[in-house]
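Peer 1: Input: one structure, supplied below.
Protein chains: 2
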Amino acid sequence: MPRLVDHQVRRRQITSAVRRVIVEGGLEAVTFQSVAAEAGISVRLIQYYFGTKREFLLATHRSVMEDAGARFMKRWAALGDDATPREAISALLNELLPLDDPRREEAIVLGVFNMAAITGQGITSEETLAAPRALVSILADQLRRAQYPEASADPDLDAELVTVAVGGLAQGMLAGFATAQSAVDLVDHLLDRVLGTNDDHRKPPLR
Amino acid sequence: MPRLVDHQVRRRQITSAVRRVIVEGGLEAVTFQSVAAEAGISVRLIQYYFGTKREFLLATHRSVMEDAGARFMKRWAALGDDATPREAISALLNELLPLDDPRREEAIVLGVFNMAAITGQGITSEETLAAPRALVSILADQLRRAQYPEASADPDLDAELVTVAVGGLAQGMLAGFATAQSAVDLVDHLLDRVLGTNDDHRKPPLR
Numbered sequence: 002m003p004r005l006v007d008h009q010v011r012r013r014q015i016t017s018a019v020r021r022v023i024v025e026g027g028l029e030a031v032t033f034q035s036v037a038a039e040a041g042i043s044v045r046l047i048q049y050y051f052g053t054k055r056e057f058l059l060a061t062h063r064s065v066m067e068d069a070g071a072r073f074m075k076r077w078a079a080l081g082d083d084a085t086p087r088e089a090i091s092a093l094l095n096e097l098l099p100l101d102d103p104r105r106e107e108a109i110v111l112g113v114f115n116m117a118a119i120t121g122q123g124i125t126s127e128e129t130l131a132a133p134r135a136l137v138s139i140l141a142d143q144l145r146r147a148q149y150p151e152a153s154a155d156p157d158l159d160a161e162l163v164t165v166a167v168g169g170l171a172q173g174m175l176a177g178f179a180t181a182q183s184a185v186d187l188v189d190h191l192l193d194r195v196l197g198t199n200d201d202h203r204k205p206p207l208r
Numbered sequence: 002m003p004r005l006v007d008h009q010v011r012r013r014q015i016t017s018a019v020r021r022v023i024v025e026g027g028l029e030a031v032t033f034q035s036v037a038a039e040a041g042i043s044v045r046l047i048q049y050y051f052g053t054k055r056e057f058l059l060a061t062h063r064s065v066m067e068d069a070g071a072r073f074m075k076r077w078a079a080l081g082d083d084a085t086p087r088e089a090i091s092a093l094l095n096e097l098l099p100l101d102d103p104r105r106e107e108a109i110v111l112g113v114f115n116m117a118a119i120t121g122q123g124i125t126s127e128e129t130l131a132a133p134r135a136l137v138s139i140l141a142d143q144l145r146r147a148q149y150p151e152a153s154a155d156p157d158l159d160a161e162l163v164t165v166a167v168g169g170l171a172q173g174m175l176a177g178f179a180t181a182q183s184a185v186d187l188v189d190h191l192l193d194r195v196l197g198t199n200d201d202h203r204k205p206p207l208r
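Line by line, the protein sequences give chains H and Y. Following our numbering, the numbering of the first sequence begins with 2 at its first residue and continues without gaps. Following our numbering, the numbering of the second sequence begins with 2 at its first residue and continues without gaps.
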């Protein structure tokens, strides 16, 4: 019987292989056989850890959400107390864009799962929606800090706007509609439009 | 030998069935058998019109792009010369959102094809990119009219921003992140952010 740590390493080996198969050929390409070949292990070993294709697909989705969430929280923790709301928002949004290979892989896998949820392939979209809803909440908090004390601001609506824009931009980058540099510029422009270009509006209130 | 009109009707019958199969189960669900069953015709008849699955998939993609394009142009033509840039932009963007069943079906099919192009399933993304690029160009023209003579405006960047935001919003609606009403409100808010809420800025220059 393998030790617990081996179990985790093995499961990770399998879900990492599933990601690569999805990136290369979509959900259609995912079978026990293709994942075994990609991971360099036997179909029987995959079956030992995951009884069905659905099980290892859900584990793969979870692993991507966890990786992205952990990276996001690390970036968030690294910001420091003196970051302005604009700096904080900008750092977080750039973390969500597929600017390097791991984030590109994550974005593709999440996009594929998202479409699978929409087309009724048995993967519920509830967990897919949890992440953007959490993002809206975090952004709204930062926008509230940034725009204080402007009474006319609508931080919740702005937070939704920023979330859909960055989601569309991430998908657009995958499709080749935007390059890394033009995406970063566009996020900056988005924040200009939402926060204004006046530096006075970017300073946080005393905490 | 069937007449030409029958050919067109038949091809349409098949691509419409392909759309419904994709909406219900993604590209994975698309086979000659499932499309034949959905269309209520024989596999042989589909094979008479389309030699391969790839052929009827590309025809389906084209049919969706044509339908969306035709509806878009019809809306554009209906606007009339006295529409302000904001009215024109708002009408066009709302036309692109999946606010009713036909547009929802189109958006799902395009989203699925988009992810298929990204995951290298042999459907090039060049034609997928043509539509957003055309939209950016149309929006930039309208923004130029709207913001004239403000020298500080950057209509091209704003047009890209609006395009990615509406793309993300459309996908978000499919996933249940936004309702029809909240989507329409968000488009309005987006235009406030890009054009300003001052009515003076919305008036077109003399033409």
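Virtual Cβ for every residue (Gly too), placed ideally from N, Cα, C. Model, not experiment: these values are computed from the prediction.
Using a Cβ-Cβ cut-off of less than 7 Å, give me the residues of the region 175-201 of chain Y that come near chain H, in sequence order.
Peer 2: L175, A176, G177, F178, L187, H190, L191, R194 and V195
Peer 1: In three-state terms, what does DSSP make of L191(H)?
Peer 2: Sequence index remark: in the first sequence, residue 191(H) carries index 190 (1-based). Correct three-state label for L191(H): helix.
Peer 1: What residue range is occupied by the uninterrupted alpha helix (DSSP H) comprising T53(H)?
Peer 2: If you number the first sequence from 1, residue 53(H) lands on position 52. In this chain, T53(H) is not harboured by any alpha helix (DSSP H), its DSSP state being neither H nor E.
Peer 1: Using the Cβ count rule (16 or more neighbours within 10 Å means buried), how would you classify E39(H)?
Peer 2: Residue numbering aside, residue 39(H) sits at position 38 when the first sequence is read from its first letter. Flag for E39(H) reads buried.
Peer 1: If you reduce the DSSP assignment to three classes, tell me which class G112(H) lands in.
Peer 2: Position 111 of the first sequence holds residue 112(H). Here G112(H) sits in helix by DSSP.
Peer 1: Beta carbons nearer than 8 Å to chain H: which residues of the region 110-122 of chain Y have them?
Peer 2: G112, V113, N115, M116, A117, A118, I119, T120, G121 and Q122
Peer 1: On a Cα-Cα basis, can you pick out the residue from L98(Y), T85(Y), R104(Y) and P133(Y) that is closest to R20(Y)?
Peer 2: Within the second sequence, the letter at position 19 stands for residue 20(Y). The shortest Cα separation from R20(Y) among L98(Y), T85(Y), R104(Y) and P133(Y) belongs to R104(Y).
Peer 1: Quick one: is V44(H) buried, meaning 16 or more other Cβ sit within 10 Å of its Cβ, or exposed?
Peer 2: Start at 1 with the first residue of the first sequence, and residue 44(H) comes out as number 43. Exposed: under 16 other Cβ atoms inside 10 Å.
Peer 1: In the structure shown, what three-state DSSP assignment does G177(Y) receive?
Peer 2: Start at 1 with the first residue of the second sequence, and residue 177(Y) comes out as number 176. Note: G177(Y) maps to coil in three-state DSSP.
Peer 1: Could you compute how far the alpha carbon of S17(Y) sits from the alpha carbon of H62(Y)?
Peer 2: By 1-based counting over the second sequence, the position of residue 17(Y) is 16. By 1-based counting over the second sequence, the position of residue 62(Y) is 61. Rounded to whole angstroms, S17(Y) to H62(Y) spans 10 Å at the Cα level.
Peer 1: If you draw a straight line from the alpha carbon of M66(H) to that of M66(Y), how long is it in whole angstroms?
Peer 2: Taking the first sequence and counting its residues from 1, the one referred to as residue 66(H) is at position 65. Taking the second sequence and counting its residues from 1, the one referred to as residue 66(Y) is at position 65. Answer to the nearest angstrom: the Cα atoms are 32 Å apart.
Peer 1: Give me the subset of the region 155-167 of chain H whose CB atoms are less than 8 Å from a CB atom of chain Y, sorted by chain position.
Peer 2: Residues are counted here when their Cβ sits less than 8 Å from a Cβ of chain Y; for the region 155-167 of chain H these are D155, L158, D159, E161, L162, T164, V165, A166 and V167, given in chain order.
Peer 1: What residues from chain H crowd round P133(Y), counting only those whose CB sits closer than 8 Å?
Peer 2: Here residue 133(Y) refers to the residue found at position 132 of the second sequence. Per Cβ cutoff of 8 Å: G173 and F178.
Peer 1: Less than 7 Å between C-beta atoms, sequence neighbours within five positions excluded: which residues of the same chain meet that for V22(Y)?
Peer 2: Sequence index remark: in the second sequence, residue 22(Y) carries index 21 (1-based). Closer than 7 Å at Cβ, skipping near neighbours: A30, V31, S35, V36 and E39.
Peer 1: Buried or exposed: A78(H), going by 16 or more other Cβ atoms within 10 Å of its Cβ?
Peer 2: Position 77 of the first sequence, counted from the first residue, corresponds to residue 78(H). With fewer than 16 Cβ atoms within 10 Å of its Cβ, A78(H) is classed as exposed.
Peer 1: With contact counted as at least three CB pairs below 8 Å, one residue from each stretch, are the region 175-185 of chain H and the region 130-146 of chain Y in contact?
Peer 2: yes
Peer 1: Is DSSP giving D7(Y) helix, strand or coil here?
Peer 2: The sequence position of residue 7(Y) within the second sequence is 6, counting from 1. Helix.
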